[in-house]
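Taken in order, these protein sequences are the chains called A and B.
Sequential numbering from 1 applies to the first sequence in the numbering used here.
Sequential numbering from 1001 applies to the second sequence in the numbering used here.
Positions of the beta carbon are idealized from the N, C-alpha and C atoms, including for glycine.
For reference, the structure is listed below as structure tokens.
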Amino acid sequence: MSHLQVKFHTKQQRYKVGESPFSVLGSVSSSDLNEVIHKLLEEEERLDEDSDKSQVEFDFLVAGELLRSTLLEHIHDKGLSVESVLLVEYFEKENAPELELCLDHKDWMSGVQLDEDFILAGSYDCSVTVWDRKGDELVSSSVGHSEPVKDVAWIKHSKGDEKYFLSGSQDQNIILWKYEPSLLKVKCLFRCKGHSKSVECLSVNRSGTKFVSGSWDCSIKLWTTSPDLEPGTKEVEEVEKLSSRKRQKVEKKGYHRTPKMTLCGHTEAVSGVSWLSEHEICSGSWDHTIRTWDLRTGEELSCLRGSKAITSLDYSNLSRMVATGNVDRHIRLWDPRSEEGAVVKSSLTSHQGWVTSVRWSPLSPHLLVSGSLDNVVKTWDTRSPKTPLYDLTSHTDKVMCVDWSQSETIASGGADNKIFLFSSNSGNIEQKLE
Amino acid sequence: MKVLKKRSISDLKSDNASSKDEVDLFHTKPIDSEDDDEDGNTSESDILLSDDEVGEVESEYETSEDEEGSVREEIDKLITLEGGDISKKQQLTIKQPELSKIYTDDADTSDEEDLRNTVGNIPMEWYDDFPHIGYDLDGKTIMKPIRNQDELDKFLNKMENPDFWKTIYDKSTAQDHVLTPEELELVNRLKSGKFYDGKMDPYEPYIDFFTNEKMIHPVNNIPEHKRSFIPSVLEKRKVGKLVHAIKMGILKPRKPKVPDEEVKFYDLWSDNKDDPKTHSELARQKMHIPAPKLTLPGHEHSYNPPPEYLPTKDEIEEWKQEEPEDRKLNFVPKKFNCLRKVPQYSNYVQERFSRCLDLYLCPRQRKMKVNIDPEDLIPKLPKPSDLRPFPTFQAICYRGHQAIVRSISVDHTGQWLASGDDNGIVRIWEVATARCVKEITGFIAESPIKCLSWCPNPSVSLLAVAVSKTVVMVNPSVGDRLIYQATDNFIQSLELPEMNTDKEGEEDMKQTKRSPVSPWTKVQSGVQYQDGHRLLIEHTKEVSKVAWHGKGDYFASTLPGNGNAQVLLHQLTKLRSQNPFSKCKGAVQCVLFHPSRPFLFVATQRYVRVYNLVKQELIKKLMTNAKWISSLAIHPEGDNLIVGSYDCRLSWFDMDLSTKPFHTLTYHKKAVRACCFHRKYPLFASGGDDGNVIVSHGMVYSDLMQNPLIVPVKVLKGHRVERNLGVLDCCFHPNQPWIFSSAADNTIRLFT
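This is the structure in structure tokens:
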């Protein structure tokens, strides 16, 4: 068995060890290296100061990819020389997410998003529900939508006590809701009409002033989130017609809102939208393309062509990458700004079914979470494309949506009528912040 | 100098002015003074020898250094190969000095010893044992000279002696002899294949003895003899004798040569030797197959085998337990001290007998092997991996039906999937999530839903459902609200044709003997309306299939076994039905509209007939070679058709090419139930009772010269076979390379 020269280094100051290279067997795996680091730290008497650190586990980054097999295999895969001294970076391992909360509902969950205090979820029973973080259902509104809700989103410009959120539905409407926690009431403020088919995805910009929606009618529409009536725009007070058979009982009042802009170009259903910056969005569609749009001009900036239909899309400001879930079971990472070379930067493979939903971690440029039709939620490190970090197998049916908008919690909803909340470890995040 | 004088005297008659190169028979040349000096020093014999040749030698006397080696070699060769020859020449050369002596008494020969050996041309080895080498002219012994040159001397000699290269060892005198220029010349001439005699001119002009011109006078003038005029008596006698001999039979004509007869063997086994052998007998003799050889005896056959070959008690027991056929050895090896003690082998006779039986009874046959590379039998097709995209794995399973799902259909957007089961329930599914969004019931008497199909018109949201004897138009109210509301309004606005249609129908029936056509009714209210039922078309018999025209206005329904009204065409906008055929041959299985032209494909059990609906005539009749057609599908461009049949075949027809199948795929193990084409990708698929969906690449080229490329790319497994029914229907997603299949296991599966 061949020996390899390795040199350890880390960016986490408190785990620093000497610079001198070590000779290790080629057959070592990351657990063996873990012991080595622990030994080294013990020698330097760094672990003694607090006992927590002795349980700390490390992950090893060799040649830009996490070490998951033996060192020798890893080097062979990467095509590196066994002669030279390997630089091995190590850092504290991501802790396994722990199941925090399980919320039951009556029907399939189609969309979930977390707030600091609340959990918002849309369901196939046409209702939008708000829970608090302890798991108590605060309010559920089944009025408003007449067809299954497909996506929900918080608007982060809460004035005082009030909260605002959006829900998009198969009934082609998006409703802007007001939630008053003190009264435990939701109120339908605006009915955003314009899509001619089911609304599939919603995305609110960072400042919370605008949002975009993608729909089955192949278009993307831009709307404002202002809770007030906008002067100068046609926002008609609606008196619901009593023609349709289901809506006879309910007389709804609300205002119509029309889209500020419509972006046409996709040839099939738009399944994911995400904001790149204040004026740019990107969208993924079933027509296998990812398009970026300039919202000032309404023009299409670029179009990245893939080979498989895209079911979900998310952009991370930290890694500046777009992650897409595809129907061929892969998660693909794209650079939306490059048009040359290989547009797919990396693909993460482990799911056994369609990837229905992907979300980046809000704090780390490497972490993302994905849900799939194979009932599994997986957390990923983009530096380990073959093996996910953790499989979260709580769901017993198709996972329809995942969310990681709050850094410490991962949420997922599925066809088993449940929403699961997993706490991602906060200790690590501090170091990330360092 | 005297020699010179003498020569000049002898050559008085020759003229002096001949050139050096010219060779004349009678020419000699005066010798230069240089030569004189040298020759003066050499032996007399040499000079005399050179008598004829000196002139010529002169030119080549100074042999170049390059030639030196080759000359030397040549000399050695001459010595070795024609050992006697050179000595003969030597003798020749040596003979002459005597003559010269005669002429030149005063020649200075005192220091030159005349070494003439008189032993003749004998192998000189005979004298090896003697101190002498022969005898001179006076009969005195010639003693062998003392030669004690060692290698060093030889080498020094070689290095220092300029004449070394032309020095040879003369065996007859046992002395070294330096070749004279003449001798060298001779050697060179022989070497280059020229005449021995330098003066010989092979090309001198030839003078005819007789002139070649024809002369008027004979050469001799003797008159012809009398014998030349009269017949020969001798000849006459001779002929007379031969004639007499032939007459008397003494002389007989020569017998024709008979070829040697083939060696005949005595056929021991034939019943009757005189009978000619049959063809097979001759073949058997010719193609003799040697009997299989007996295995050679091994150590275990020895009377004194090594101990490891001797069985233990257990092994003997085991051997006894075994069936005689299963035994490895048919005897138990035993050990004897000496050969003398070996008893007679008890099985000897039996074994001989069985061997004879083997040889006699066992038929032996020569196996004729045909060497075919299996690779050659496979047609050259592109790799499936190069033909992506095509569905490869099961992505979603749509569960919920409680009975066999007989028919599925995807709407034109690809968002909704409709399926109908045997309990009479139609479900509408969201394709992406496998969510059942609607369950439509209320069909007649819970009878199975035979077929359903979305209206291809994008502005109409209608689903045609064939149940029992009716076709129901259902508005599932999914997708674009504007469209499905518009559809409801549109149907409301339609007016049923006036009721006198019945009368017309009756008149029609009287006039053209057509069956009465199905009447339409609107569903106005009630539970059925709530469920989405909008229109009802009653038929007289069970409806098995419905098929829409590409524009979504017309559709056809199939009623197998309904006499001459097996196919009915319906028009949605006018709510009218008609029977296009006055006569129907065979039992119609399914019908299909051409995507762009007014053609109708009608599949009966064995044939597919193509009708032009505008001209109302039969265009083509496709021979499927199938026993029972189950399904039809047409390529979106309309020139290619696939036909699935219950005898496991899927036939591809190129309509421009022939009425016979262009290609037949027989990959299904059981009946093919459904087949379909993809609208955008070059894909087609078939589903069968073996539970598999086979997806194939079917590329149609716009170039008419190029045949369609058909490559099966994937077998999609997943469905269970229940009650001998597998996949009952399959259809492609309109925009993605995905395929849906419904099966008897109550599920619908999506493969992507």
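So, is the C-beta of A/G353 closer than 8 Å to a C-beta in chain B?
yes
By how many angstroms is the C-alpha of B/W1548 removed from the C-alpha of B/H1539?
17 Å
So, helix, strand or coil for B/V1700, using DSSP?
DSSP places B/V1700 in coil when its eight states are reduced to three.
Hey, is B/G1526's beta-carbon within less than 8 Å of any beta-carbon in chain A?
no
So which residues of chain B does A/S307 contact, with C-beta pairs closer than 7 Å?
P1389
Can you list the residues of chain A that B/R1723 reaches, using a CB-CB cut of under 8 Å?
By Cβ distance, chain A contributes nothing, its closest Cβ being about 28 Å from B/R1723, past 8 Å.
Going along chain B, which residues have a C-beta under 9 Å from A/E268?
T1413, G1414, N1735, Q1736
Are the CB atoms of A/V355 and A/T387 nearer to each other than 8 Å?
no
Select from the segment 1470–1496 of chain B all residues with a C-beta closer than 9 Å to any C-beta belonging to chain A, and list them in chain order.
Cβ contacts with chain A: V1478, G1479, D1480, R1481, L1482, I1483, Q1485.
Taking 8 Å as the threshold (beta carbon to beta carbon), is A/E238 in contact with chain B?
Confidence at A/E238 is low in this model, with a pLDDT of 48, below 50, so its placement is unreliable and no value can be given for it.
Would you report the Cα separation of A/C201 and A/E278, rounded to the nearest angstrom?
If I take the Cα positions, the gap works out to 18 Å.
Does A/S357 have its Cβ less than 8 Å from a Cβ in chain B?
So, not an interface residue.
Tell me whether A/K197 counts as near the ligand COA, meaning its Cβ is closer than 7 Å to at least one heavy atom of that ligand.
In the structure shown, the ligand COA is absent, as is every other ligand, since no ligand is present at all.
For B/A1395, return the contacting residues in chain A, with the cut-off set at a CB-CB distance below 8 Å.
V327, G353, W354, L373
Close Cβ partners of A/H3 (< 8 Å) along its chain, the five nearest in sequence each way excluded:
S23, V24, L25, G26
Test: B/T1441 CB closer than 8 Å to a CB of chain A:
no
Closer than 7 Å by C-beta to A/I155: which residues in its own chain qualify, once you throw out the five before and the five after it? Chain order, please.
Y164, F165, L166, V204, G208, T225
Among B/N1148, B/A1486, B/K1199, B/L1152, whose alpha-carbon lies nearest the alpha-carbon of B/M1176?
What sits at residue 1176 of chain B in the sequence shown is Asp, not Met. When only C-alpha atoms are compared, the closest one is B/N1148.
Can you tell me whether A/Q13 is buried or exposed? The criterion is at least 16 other CB atoms within 10 Å of its CB, across all chains shown.
exposed
Report the residues of the segment 1424–1456 of chain B with a CB closer than 9 Å to any CB of chain A, ordered along the chain.
E1430, A1432, T1433, A1434, R1435, V1437
For A/E94, which option in A/L120, A/A415, A/E408 has the closest C-alpha, if you only look at C-alpha atoms?
A/E94 has its Cα closest to that of A/E408, out of A/L120, A/A415, A/E408.
Please report the residue range of the beta strand (DSSP E) in which B/A1283 lies.
Where B/A1283 is concerned, there is no enclosing beta strand (DSSP E), although the alpha helix (DSSP H) it sits in stretches over 1279–1286.
Quick check: the Cα distance between B/W1652 and B/F1751, rounded to an integer number of angstroms?
23 Å
Contact residues within the segment 181–194 of chain A, judged by C-beta distance below 7 Å to chain B
none
Going by DSSP, what residue range makes up the beta strand (DSSP E) through A/G214?
210–215
Applying a beta-carbon distance threshold of less than 7 Å, which residues of chain B neighbour A/K447?
Nothing about residue 447 of chain A can be reported from this structure: the residues present for chain A run from 1 to 434 only.
Within 8 Å, strictly: CB atoms of B/D991 and B/T1392:
Here chain B covers residues 1001 to 1752 and nothing more, so residue 991 of chain B does not appear.
Taking A/R461 as part of the alpha helix (DSSP H), name the residues at either end of that continuous run.
The shown model of chain A, from 1 to 434, leaves out residue 461 of chain A, and the question about it has no answer.
So, helix, strand or coil for B/F1490, using DSSP?
When DSSP states are grouped into helix, strand and coil, B/F1490 belongs to the helix group.
Can you grab the Cα-Cα spacing for the pair A/D228 / A/R257, in whole Å?
Distance between the alpha carbons of A/D228 and A/R257: 11 Å.
DSSP bridge partner residues for A/W131 (one or two, in chain order):
A/I119, A/E137
Beta-carbon proximity check, A/S370 vs A/G325, cutoff 8 Å
yes
Is there a Cβ from chain A that is less than 8 Å from the Cβ of B/T1747?
Not closer than 8 Å to any Cβ of chain A, the Cβ of B/T1747 fails to qualify, so no.
Taking only beta-carbon atoms, is B/S1741 less than 8 Å away from chain A?
Chain A contact via Cβ: absent.
Run through chain A and tell me which residues come within less than 8 Å of B/T966, C-beta to C-beta.
Nothing can be reported for residue 966 of chain B: it is not among the residues displayed for chain B, which extend from 1001 to 1752.
Taking all protein chains shown into account, decide if A/W360 is buried (16 or more other Cβ within 10 angstroms of its Cβ) or exposed.
buried
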